[in-house]
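J.: Could you have a look at this structure, given as C-alpha cells, before my questions?
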Amino acid sequence: MNQPTFRAPKGTFDLVPPRGEAVLAVRDAMAGPVRRAGYGYVETPSFEETGLFARGVGESTDIVTKEMYSFTTRGGDDVSLRPEGTAPVLRAALENGLHRGALPVKLWYGGSYYRYERPQKGRFRHFSQVGAEVLGTEDPAVDAELIVLAMDAYRALGLTEVRVLINSLGSSESRPAYRDALQQFLRGLDLDEDTASRVEINPLRVLDDKRPDVQKALADAPLVTDFLSDGDRAHHDRVRRLLTDAGVPYDDDPRLVRGLDYYTRTLFEFVHDGLGSQSAVGGGGRYDGLSELLGGPRLPSVGWALGAERTLLAMEAEGLPLPGTPGVDVYLVPLGDDAERHAFGLVTELRRAGVAADVATGGRGLKGAMKAADRSGARYAVVVGERDLADGVAQVKDLRSGEQEPVALGDVRSHLITATSS
RNA sequence: GUGGGUGUAGCUCAGUGGUAGAGCACCUGGUUGUGGUCCAGGAAGUCGCGGGUUCAAAUCCCGUCACUCACCCCA
8 MNQPTFRAPK GTFDLVPPRG EAVLAVRDAM AGPVRRAGYG YVETPSFEET
58 GLFARGVGES TDIVTKEMYS FTTRGGDDVS LRPEGTAPVL RAALENGLHR
108 GALPVKLWYG GSYYRYERPQ KGRFRHFSQV GAEVLGTEDP AVDAELIVLA
158 MDAYRALGLT EVRVLINSLG SSESRPAYRD ALQQFLRGLD LDEDTASRVE
208 INPLRVLDDK RPDVQKALAD APLVTDFLSD GDRAHHDRVR RLLTDAGVPY
258 DDDPRLVRGL DYYTRTLFEF VHDGLGSQSA VGGGGRYDGL SELLGGPRLP
308 SVGWALGAER TLLAMEAEGL PLPGTPGVDV YLVPLGDDAE RHAFGLVTEL
358 RRAGVAADVA TGGRGLKGAM KAADRSGARY AVVVGERDLA DGVAQVKDLR
408 SGEQEPVALG DVRSHLITAT SS
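To convert a position in the first sequence, counted from 1, into the numbering used here, add 7.
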C-alpha cells in the first residue's frame, strides 16, 4: 500500500460520499424547523478572541482549561477556534445591536466547532452542529419552543429513540443556597484529587460524573429541584406543561448539569443510546446572565446546539438509511466521437432544464457505460451511437423495465423532461 | 493525561514459523451496439514502520507510529 504523505489530523475526519451528502441532509433537516419558525440566520467567524470563551464559557470548565485550540496571531492577538456557538452568537448579536430592536431575537446558525480532546466514538476534535438561540425573553414558552423544534428535527430525520432530559438549575437567587448545600455534602465524601478540587470550583459538575462509584456516593446528594425559588419552579413547571401540551415527552433528571458555566434555570439534553459511551446528540439551556458577563445589558436567553455527526450515528444505530443520496435520473451513453459531442450538448441541455443527468466519459465501451448507467441509479439510459445519429434518433431505455425505444434527437430533451417529472 | 484493543488488497477480514489468501468492489471477455443475474479471466499488498531471534518471520521478541474503544468531559 502506498501510504499517502498526509492524513487528516488526529481526531478529525473527512466526509466523503455517501456520508458527505448524509451529513448535509442532517444539517438541513435540523435547520428546517427553526427556519420555518422564523429564526434568522447568523454566521460568525470560526475563531474568536480567547477571552470571549474564557469569560463566557467559564474559566474553570474543561473546555476552557484544556480543550481549546488557542494560538497567538502574527499581530499578537490571542484567539481560539470556537469550541461552542452560544458565546460567539451572543457576542455578534450585541456587537450588531440586534438586541436594540424588537425582542426576542431568534437566531439559528451552523458550522464547525473545535475541541482538543482525545477522540473516541462520537467525539472528535472537529465536528459540526446546528444551533438556535432566542435572545431577550424570560418567557418559558421559548424554552419549550426550542425543545419542540429540536424534537421535530429529529423526528423529521426518522429518529424515534431520542429522549429529552430536562432540569432546572435555578436562577442566580436560588442557586447559591443549593451550591452551598451540595458543596457541604460533597466535602463529606471520599473523592479523588481532581474531583475534590472540582467540589471547590464548580460543585454542580461533580453530579455529572459517570463513574459508578461516584454516582453511588451521590445517591443522597441534595437535589437542585428542592432549592428552586417560587419563580424558578413556576418557570420550570410552565416549560414542562407546554412540552406536554405539544405532545413531547421528557424525562425529569434532577442530576442533569452541563459543563458550561453560563446555564441558569432550564437545562436540557437530547440523548440517544446508539452512540457508544457518548449519549448526547444535542443539548442546551437558558443563560440569563451571559450577556452581562460579556459586557452587554441584561438579556435573558435560551438556546441549543445539535450535533450533526452524532445525529447521523444515531440514525445509523436505528438502522435508518443514509439520507440525501444524490444520484441522477438520466445517464447518457455515447458511442463514438460524434456521439460524444452530441451527448455533451444534450447533458448540458438536460441539466439546464433541471434534469439530474450524467454522461459516460473516457470512451468506455457500451457494456461498461451501461454498467456505469446502472450504478448511477438513473431511471433512464440514453444510448447514442453512430447508427442512431445516422437515423436521427437516440435510444431511450427504461432501466427499470428494460424497455427501449428510439426517440428523435430533437425530441429527446422534452421526452426526458416529461419522463422524469412524473 | 491514563488504560484496553487493533494494524494483511479499495472495503470487511482469515491466515500462530515454511511460496500472500477469501468475500465484496474494480477492470476485461463470454454478447462486432446494451446494465442489473450467471460464467471465465485479470489487476491490485514494502503483511503500519524500525530493529532483534531464526536456515526461514505476516506469525516470536523489543521499540515506535497510527487507528480505535473506554475514563475525565461533551456535540
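Ideal Cβ placement from N, Cα and C applies to all residues, glycine included. For clarity, every value in this text was computed on a predicted model and none was experimentally measured.
Pull up the distance between the alpha-carbon of K128 and that of T271, whole angstroms please.
T.: What you label residue 128 is simply residue 121 of the first sequence in a count that begins at 1. What you label residue 271 is simply residue 264 of the first sequence in a count that begins at 1. Going from the Cα of K128 to the Cα of T271 covers about 30 Å.
J.: On a CA-only basis, which of A360, R371, K374 is nearest R420? Give me that one, please.
T.: Here the question's residue 420 lines up with position 413 in the first sequence. Cα-wise, what sits closest to R420 is A360.
J.: Which two residues bound the contiguous alpha helix (DSSP H) that contains S204?
T.: Within the first sequence, the letter at position 197 stands for residue 204. Taken as a continuous stretch (DSSP letters only), the alpha helix (DSSP H) holding S204 covers 200-208.
J.: What would DSSP say about S175, mapped onto helix, strand or coil?
T.: As a position in the first sequence, residue 175 is number 168, starting the count at 1. The answer is strand: DSSP assigns S175 an E or B state.
J.: Looking only at its own chain, which residues have a Cβ that is under 6 Å from the Cβ of G117, when we skip the five neighbours before and after it?
T.: Locating residue 117 in the first sequence gives position 110, counting from the first residue. Contacts found: R34, V137.
J.: Please determine if the segment 322-342 and the segment 369-381 are in contact, where contact requires at least 3 C-beta pairs separated by less than 8 Å.
T.: Yes, they touch.
J.: Judging by CA-CA distance, which residue of D239, R212, D237 is the nearest neighbour of A228?
T.: Position 221 of the first sequence holds residue 228. When each option's Cα is compared against that of A228, the closest is R212.
J.: Which of the three DSSP states is assigned to Y161 in this structure?
T.: Numbered from 1 along the first sequence, position 154 holds the residue referred to as residue 161. Residue state, collapsed to three classes: helix.
J.: Assuming contact is defined by CB atoms lying nearer than 8 Å, are V246 and D150 in contact in what I supplied?
T.: Taking the first residue of the first sequence as position 1, residue 246 is located at position 239. Taking the first residue of the first sequence as position 1, residue 150 is located at position 143. Their beta carbons are under 8 Å apart, which means V246 touches D150 by this criterion.
J.: On the DSSP bridge assignment, give the partners of V64 in chain order.
T.: The residue you call residue 64 lines up with position 57 of the first sequence. According to DSSP, which records beta bridges pairwise, V64 is partnered with nothing at all.
J.: Quick check: what's the CA-CA separation for S204 versus R194?
T.: Taking the first residue of the first sequence as position 1, residue 204 is located at position 197. Taking the first residue of the first sequence as position 1, residue 194 is located at position 187. Straight-line Cα distance between these residues: approximately 10 Å.
J.: Taking DSSP as the reference, what is the three-state secondary structure of A253?
T.: Within the first sequence, the letter at position 246 stands for residue 253. Three-state DSSP puts A253 in coil, outside helix and strand.
J.: Along the beta strand (DSSP E) that carries D405, what are the first and last residues, could you check?
T.: One-based indexing of the first sequence puts residue 405 at position 398. 400-405 is the span of the beta strand (DSSP E), which, as asked, contains D405.
J.: Taking DSSP as the reference, what is the three-state secondary structure of T57?
T.: Position 50 of the first sequence holds residue 57. In this structure, T57 counts as helix in the three-state DSSP scheme.
J.: Among N174, G290, S298, L156, which one has its Cα closest to the Cα of D244?
T.: Numbered from 1 along the first sequence, position 237 holds the residue referred to as residue 244. Nearest option by C-alpha distance: N174.
J.: Helix or strand or just coil, what does DSSP make of R107?
T.: In the first sequence, residue 107 corresponds to position 100, counting from 1. R107: helix per DSSP, three-state reduction.
J.: Excluding the 5 residues preceding and the 5 following P25 in the sequence, name in chain order all residues of the same chain whose CB lies nearer than 6 Å to its CB.
T.: Locating residue 25 in the first sequence gives position 18, where the first residue counts as 1. Closer than 6 Å at the Cβ level, and outside the excluded window around P25, lie L329, T332.
J.: Taking just the CA atoms, how far does Q190 sit from P210?
T.: Here residue 210 is taken as the residue at index 203 of the first sequence, counted from 1. Here residue 190 is taken as the residue at index 183 of the first sequence, counted from 1. Cα to Cα, P210 sits roughly 6 Å from Q190.
J.: Which value, in whole angstroms, describes the spacing of the CA atoms of G18 and V414?
T.: One-based indexing of the first sequence puts residue 18 at position 11. One-based indexing of the first sequence puts residue 414 at position 407. G18 and V414: Cα-Cα distance of roughly 53 Å.
J.: Between the Cα of E145 and those of S308, R125, L22, spot the shortest distance and give me the residue it belongs to.
T.: Taking the first sequence and counting its residues from 1, the one referred to as residue 145 is at position 138. Selected option, being the one with the closest Cα: S308.
J.: For the segment 344-361 and the segment 290-297, state whether three or more C-beta atom pairs, one from each stretch, are separated by less than 8 Å.
T.: Not touching, per the Cβ criterion.
J.: Quick one: what's got a C-beta closer than 6 Å to L236's C-beta in the same chain, skipping five residues either side?
T.: Start at 1 with the first residue of the first sequence, and residue 236 comes out as number 229. Reading off the sequence shown, one finds Ser at residue 236, where the question assumed Leu. So the list reads E180, S181, once near-sequence residues are dropped.
J.: So the beta strand (DSSP E) H133 belongs to, where does it begin and stop?
T.: For the purposes of this step, residue 133 is taken as the residue at position 126 of the first sequence. Run containing H133: 133-142, per the beta strand (DSSP E) assignment.
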